[in-house]
Structure formats: C-alpha cells, structure tokens
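*Asks:*
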Amino acid sequence: MSNQTQLEFLLSLFHKQQFSLFDEEAKQLLENPLHPLIKAKVLSWYAQSQQQQHKLSQAITGYEQAIQAAKDAEDYDGVQTLEEQYKHLLEQQKALNITANAPRSDDPLQAGISQLRVQNTSRAETLLLSSVAQSDEEGDPKGRVLSRLALARIPTYKKAMIAQALEIAQQEGDMNLVTAVKKTMDQMGESITPHVF
535 MSNQTQLEFL LSLFHKQQFS LFDEEAKQLL ENPLHPLIKA KVLSWYAQSQ QQQHKLSQAI
595 TGYEQAIQAA KDAEDYDGVQ TLEEQYKHLL EQQKALNITA NAPRSDDPLQ AGISQLRVQN
655 TSRAETLLLS SVAQSDEEGD PKGRVLSRLA LARIPTYKKA MIAQALEIAQ QEGDMNLVTA
715 VKKTMDQMGE SITPHVF
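For reference, each letter of the sequence shown is one residue, going 535 to 731 in my numbering.
Here it is as structure tokens:
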C-alpha cells in the first residue's frame, strides 16, 4: 500500500471517529519511513485522536512528535498550529493537576477554602456562595458565620459578609463565634463595634 493510499485510509478512519482503528493503523504506518510532511500529518491526527479519547498525556506526546516532524518538513504554518494545540493541552494538564491535588470534599465550605488557597477566586466564590446558602437553609449558626467569614476573603464580599457574620454571632450570643469574627476582622484590618449582651 503506497503512502498516499495509507494516508487516505487513515484520514477516512479519523473522520469517521473510529479512533481505536485509527490508532492501530497510525502506529503501523509510523513504523515505516515516511516523508516528514506525511509523518507530521499522521502524528497530528494521532495526537487529535488521543485528545478526543481524553488520553491527555498521550496527546501531549503526540503533539510533541508532530511538532518535530513538521519542523523537519519545514511546515512552519503547521508548526504554529500544532504548538497552539500543544500549549492548550499543557494548560489543561496543569488545571487537572491542580484539581487532582485539591482535597476532595462534598462540603462547599472546605472546597471553597481550598480554591482560595490555590487562588482560583471564581471557583471559590461559587463554592462559598453555595456554602452560605446551604448553611442558611440548615439554620446552623456556626456554618452561617464560618461560610461568611470565608467568603469575606474575596474583596468584593468583605464588608457585607463580615457585617452579616458579626450580626449572626451576636444574635446567637455565642462568644466563640464573636471571637472568630473579631479575629478575622483583625486579620483584615476591619474595626468592630462593641455589642452589649
């Protein structure tokens, strides 16, 4: 089978999204000496196939090899396109690594605090707002105060959440909660107005 015929066959398998068949045929084709441009195309399709199958590390390796083959073929437009895909996959892998290292928790408060620690503010905001709603629904004073204090770490919520946390703690008459609010306020440079019990 000529290179052209093999390439057309691989392309038809790839477009039909028969990835497992494509992967096998691509591996066999790559064992033969190929023109660098054909090799770059096959490696590129192989990397895309791996990406479609959510095999991130194999896709990254495939793109690395495809980039090198495109450089060998002096296909600089191809190199640029492949490098963009490669960078995108590296960003995905980095995000997955951060997520994998984050503690698993069904508790939105703990998950939100974890996201604050890795400076993922938008995800932390979503989780902590969920925690505020959940603790309000459950009527748990401690949860209500702590979720608001955590959300207060996001600057746009700082004043409102501290005021709400302090109000809840004072209404409950729980000195431990008032102390927790006071310590948080001190850390954030906020002043407290005295409350008579």
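Idealized CB from N, CA, C, for every residue including glycine. Treat the numbers as computed from the prediction; the structure is a model and nothing was measured.
1) Is I688 helix, strand or coil by DSSP?
2) According to the Cβ coordinates, are T660 and I696 closer than 8 Å?
3) Please return the same chain residues whose Cβ sits closer than 6 Å to the Cβ of V712, not counting the five positions on each side in sequence.
4) Can you list, in chain order, the residues of its chain whose CB lies under 8 Å from that of H715, leaving out five sequence neighbours each side?
5) Considering only their Cβ atoms, is the gap separating E598 from Y580 smaller than 8 Å?
6) Per DSSP, what kind of secondary structure is E625 in: helix, strand or coil?
7) For L650, which residues from the same chain have a beta carbon less than 6 Å from its beta carbon, with the 5 sequence-adjacent residues on both sides left out?
8) For a test of the three-state rule: what should DSSP assign to L568, helix, strand or coil?
9) DSSP state of V652, grouped into three classes?
10) Report the rounded CA-to-CA distance for Q562 versus I572, giving the unit in angstroms.
11) Using a 10 Å radius around the Cβ and a threshold of 16 neighbouring Cβ atoms, would you call V652 buried or exposed?
12) Does the distance from the CB of P570 to the CB of A603 come in under 8 Å?
13) In three-state DSSP terms, what is E672?
14) Assuming K692 contacts M722 under a Cβ cut-off of 8 Å, what Cβ separation, rounded to an integer in Å, is found between them?
15) Anyone know if the C-beta pair for A593 and L623 falls short of 8 Å?
*Replies:* Here's the rundown:
1) To locate residue 688, count along the sequence shown from 1; it is residue 154. Coil at I688, not helix or strand.
2) Walking along the sequence shown from the start, residue 660 turns up at place 126. Walking along the sequence shown from the start, residue 696 turns up at place 162. It is not a contact, given that the beta carbons lie outside the stated cut-off.
3) Stepping through the sequence shown from its first residue, residue 712 is reached at position 178. Excluding positions up to five away in sequence, the list reads A703.
4) As a working note, residue 715 is residue 181 in the sequence shown. Residue 715 is actually Val in this sequence, not His. Correct list, in chain order: V679, L683, I696, A699, L700, A703, I726.
5) Position 46 of the sequence shown holds residue 580. Position 64 of the sequence shown holds residue 598. Cβ distance not < 8 Å, so Y580 and E598 don't count as in contact.
6) What you label residue 625 is simply residue 91 of the sequence shown in a count that begins at 1. In the structure shown, E625 sits in a helix (DSSP, three-state: H, G or I).
7) The count along the sequence shown starts at 1 and reaches residue 650 at position 116. Answer for L650: A658, R687, listed in chain order.
8) Here the question's residue 568 lines up with position 34 in the sequence shown. L568 falls in the coil class under three-state DSSP.
9) Residue 652 sits at position 118 when you count from the first residue of the sequence shown. If DSSP states are grouped into helix, strand and coil, V652 belongs with coil.
10) By one-based count along the sequence shown, residue 562 stands at place 28. By one-based count along the sequence shown, residue 572 stands at place 38. If you take the alpha carbons of Q562 and I572, they lie about 14 Å apart.
11) The residue labelled residue 652 in the question sits at position 118 within the sequence shown. That one is exposed.
12) Position 36 of the sequence shown, counted from the first residue, corresponds to residue 570. Position 69 of the sequence shown, counted from the first residue, corresponds to residue 603. Their beta carbons are under 8 Å apart, which means P570 touches A603 by this criterion.
13) Position 138 of the sequence shown, counted from the start, is the residue given in the question as residue 672. Three-state DSSP puts E672 in a helix.
14) For the purposes of this step, residue 692 is identified with residue 158 of the sequence shown, where counting begins at 1. For the purposes of this step, residue 722 is identified with residue 188 of the sequence shown, where counting begins at 1. Yes, K692 and M722 are in contact; Cβ-Cβ is about 7 Å, under 8 Å.
15) The count along the sequence shown starts at 1 and reaches residue 593 at position 59. The count along the sequence shown starts at 1 and reaches residue 623 at position 89. Yes.
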